[in-house]
Structures are given as structure tokens and as C-alpha cells.
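Residue numbers (numbering that gives the first Met the number 0): 0 to 256.
Note that CB positions come from ideal geometry on N, CA and C, so glycine has one too.
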Amino acid sequence: MKIASWNVNSLKVRLPHVLDWLAEAQPDLLGIQETKTLDENFPQQEIEAAGYQVLFSGQKTYNGVAVLSRLKATPKEIITDIPGLEDHQRRVLGATYGKLRFINLYVPNGSEVGSDKYTYKLDWLDKLASYLKKQLQEHKNLVVVGDFNIAPEDRDVHDPEAWKGSVLVSEPERAALQKLFDLGLHDSFRLFEQDEKLYSWWDYRAAAFRRNMGLRIDHVLCSDALKKKCTASYIDKEPRKLERPSDHAPVVAEFDI
DNA sequence: ATGGTCGTTGGACGA
Numbered sequence: 000m001k002i003a004s005w006n007v008n009s010l011k012v013r014l015p016h017v018l019d020w021l022a023e024a025q026p027d028l029l030g031i032q033e034t035k036t037l038d039e040n041f042p043q044q045e046i047e048a049a050g051y052q053v054l055f056s057g058q059k060t061y062n063g064v065a066v067l068s069r070l071k072a073t074p075k076e077i078i079t080d081i082p083g084l085e086d087h088q089r090r091v092l093g094a095t096y097g098k099l100r101f102i103n104l105y106v107p108n109g110s111e112v113g114s115d116k117y118t119y120k121l122d123w124l125d126k127l128a129s130y131l132k133k134q135l136q137e138h139k140n141l142v143v144v145g146d147f148n149i150a151p152e153d154r155d156v157h158d159p160e161a162w163k164g165s166v167l168v169s170e171p172e173r174a175a176l177q178k179l180f181d182l183g184l185h186d187s188f189r190l191f192e193q194d195e196k197l198y199s200w201w202d203y204r205a206a207a208f209r210r211n212m213g214l215r216i217d218h219v220l221c222s223d224a225l226k227k228k229c230t231a232s233y234i235d236k237e238p239r240k241l242e243r244p245s246d247h248a249p250v251v252a253e254f255d256i
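Laid out in C-alpha cells, this is it:
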């Protein structure tokens with residue numbers, strides 16, 4: 000089973016790239032973030048025509064998440080919020096497909112360390128950890144994907160000195176992500192030997208992609224049981240090379256299930 | 001990483 004995550008930065012603009020990538024990569028499950036699309040405008044027909052069933056939770060202008068599946072199972076136990084977290088921002092979409100629990104997240108960016116948005120991010124991650132702790136007790140096979148807006152380690156940052164202490168890499172953010180790892184959620188990417196300087200996001204500015212000035216902030220996390228069945232994990236840079244790309248690349252993990 | 005661009009929107013704001 001092939002599971003992926005992609006922050007598309009507007010599904011309206013990126014739909015052609017998404018449809019091309021579905022045809023090319025053929026993921027079984029894809030979590031999409033930053034659809035920036037109201038549910039009433041969601042391109043459901045086009046995605047279903049590509050052979051995928053789809054769930055979505057959107058809002059105007061900002062945020063918005065969707066889950067695409069070509070599995071036979073009907074999604075159950077659908078959630079669009081973290082229990083106990085009052086949030087009008089559409090950042091969460093979870094569903095159970097057969098024996099697999101799948102949660103797609105668009106973690107808050109945090110803007111700047113010390114800002115209100117940063118506080119919101121840390122609080123959001125704290126509530127998320129409580130929820131995922133319970134989810135792990137209820138679901139042996141749990142996959143949590145998304146744009147986490149956190150680079151776990153310095154090797155996930157093109158220039159750690161320049162980025163030191165700033166949003167996306169700050170210690171409180173990394174501690175919040177580490178807390179998820181400590182619950183027994185594994186960064187699938189690090190289960191395998193990887194080349195150096197592999198990232199999932201590059202700023203649109205300053206020709207950052209061409210210069211590979213990126214961060215690895217998009218992740219596929221998996222529970223213990225799935226860690227044992229994970230056979231590959233990688234970042235597909237190809238869509239980032241296209242005309243009018245998202246600033247993020249799809250991240251992929253494969254499981255022998 | 002001085003800023004540098006996108007996307008949404010119709011002037012900023014968020015990332």
C-alpha cells in the first residue's frame with residue numbers, strides 16, 4: 000500500500016498536477032493540505048473520475064484538507080477536528096479504511112516564534128498529542144500524515160545556522176514533534192538510509208528550489224505495527240519542477256499490507 | 001533568509 004501526503008497550496012490551481020500525479024504515482028491513500036477550497040466548490044467529479052473516492056473539509060481562502068483513496072473500503076469514523084480543540088480552521092481529516100486508521104493534518108505554520116500564531120501552533124500540537132495517544136490505543140495500524148510545519152532535526156534543514164531558533168525548527172516545536180515520536184509514531188523517512196539534503200518544501204522566493212534551500216517539514220508517521228511493514232519512504236521532487244508548482248513536494252511511504 | 005514569490009483577493013495577509 001502506497002500512502003502519501005502533499006500540501007498543494009490551492010487545489011483549484013494545482014488540480015492538473017494532482018490528477019497527473021495520481022495517474023503517475025498511483026497512491027492508495029493521499030492526504031492533501033491547503034486546498035483553500037470551500038466544500039461546495041471541491042472538484043469531487045474530477046477526482047472521482049480519476050478512480051479515487053474523496054473526503055474533504057475546507058474553508059474559504061485558507062487551510063482545507065482532503066483525503067483521496069482508491070481502496071475498496073468505505074471510510075468510517077470520520078473526524079474533521081481534534082476532539083477537545085475548538086478550531087474553525089479546517090486542518091484535520093481522519094478516517095478508518097478497513098483495518099487502517101488514517102489521519103491527515105495541516106499543522107499550523109506558527110508565523111514567528113513568540114507570536115499568537117506560534118502559541119496556537121504549540122497548543123494545537125499539545126492537543127494533537129493527547130488525541131494521538133488515545134488513537135494509538137484504539138488502532139494498531141495508524142498512519143498520520145501531513146504538513147507538520149516542523150523540521151525534526153538539523154539534517155532536515157538546508158542551513159541550520161541560518162534557521163536556528165526560528166519557526167519550523169525551534170526547540171519547542173521539535174519537542175512537540177518528538178512527543179509524537181515518543182508515543183510510538185515513527186518518521187517513516189528515517190526508517191531507511193537516505194541521501195543528504197532531501198527536503199519537502201522550498202520557499203517560492205530566492206530561487207530556493209533551484210538552490211535546494213529547503214526544509215523537510217512534510218511527514219508520514221506510522222505506528223509500531225506498521226513500522227515493521229514499511230518497505231520504502233521517499234520524497235517525489237518531480238512535481239516541484241513543473242510550471243506553477245506547489246511549494247511542497249509529495250512525500251510517500253509504502254507498506255507491505 | 002536583507003528581500004527576493006505565490007495564492008486569494010481585489011489591499012493586504014498568510015505561508
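Exercise. For ILE78, which three-state DSSP category applies?
Worked result: strand
Exercise. Are ALA252 and PHE188 closer than 9 Å when you measure CB to CB?
Worked result: With respect to PHE188, ALA252 sits close: the two C-beta atoms are nearer than 9 Å.
Exercise. When burial is assigned at 16 or more other CB atoms within 10 Å of the CB, is LEU135 buried or exposed?
Worked result: buried
Exercise. According to DSSP, which residues form a beta bridge with TYR105?
Worked result: ASP146
Problem set entry | Run of the alpha helix (DSSP H) containing PHE180, from where it starts to where it stops | Under the DSSP assignment, PHE180 falls in the alpha helix (DSSP H) whose first and last residues are 170 to 182.
For this session: Kindly indicate which three-state DSSP category ALA65 falls into: helix, strand or coil?
Result: strand
Problem set entry | Residues near LEU99 in its chain [Cβ-Cβ closer than 6 Å; skip 5 each side] | Hits under 6 Å: ASN140.
For this session: Determine the direct distance from the alpha carbon of GLY145 to that of ASP217, and round the result to whole angstroms.
Result: 6 Å
Exercise. Where does GLU39 sit, in a helix, a strand or coil, going by DSSP?
Worked result: GLU39: helix per DSSP, three-state reduction.
Exercise. What three-state label does DSSP hand THR118 in the structure shown?
Worked result: Here THR118 sits in helix by DSSP.
For this session: Please name the residue or residues paired with ALA22 in a DSSP beta bridge.
Result: Paired residue(s): none; ALA22 is not in a bridge.
Exercise. Is it buried or exposed for GLN25, if we count other Cβ within 10 angstroms and need 16 for buried?
Worked result: exposed
Problem set entry | Residue interval of the beta strand (DSSP E) (run including ASP153) | Looking at the DSSP string, ASP153 is not in any beta strand (DSSP E), and its letter there is neither H nor E.
Exercise. In chain order, what residues of the same chain have a beta carbon less than 8 Å from the beta carbon of ASP27, not counting five sequence neighbours either side?
Worked result: Around ASP27: MET0, LYS1, ILE2, SER68, ARG69 and LEU70.
Exercise. Alpha helix (DSSP H) containing ALA224: first to last residue?
Worked result: 223 to 226
Problem set entry | Cβ neighbour criterion (16 or more within 10 Å) applied to GLY109 | buried
Exercise. Considering only residues of the same chain and omitting the five flanking positions on each side of GLU76, which have a CB-CB separation below 6 Å?
Worked result: Cβ neighbours of GLU76 within its own chain (closer than 6 Å, five residues either side excluded): THR95.
Exercise. Bridge partners of GLN32, per DSSP?
Worked result: ASN6 and VAL64
Exercise. What residue range is occupied by the uninterrupted beta strand (DSSP E) comprising ALA94?
Worked result: 91 to 96
For this session: Count the other C-beta atoms from every protein chain shown that fall within 10 angstroms of the C-beta of PHE55, then say buried if there are 16 or more, exposed otherwise.
Result: buried
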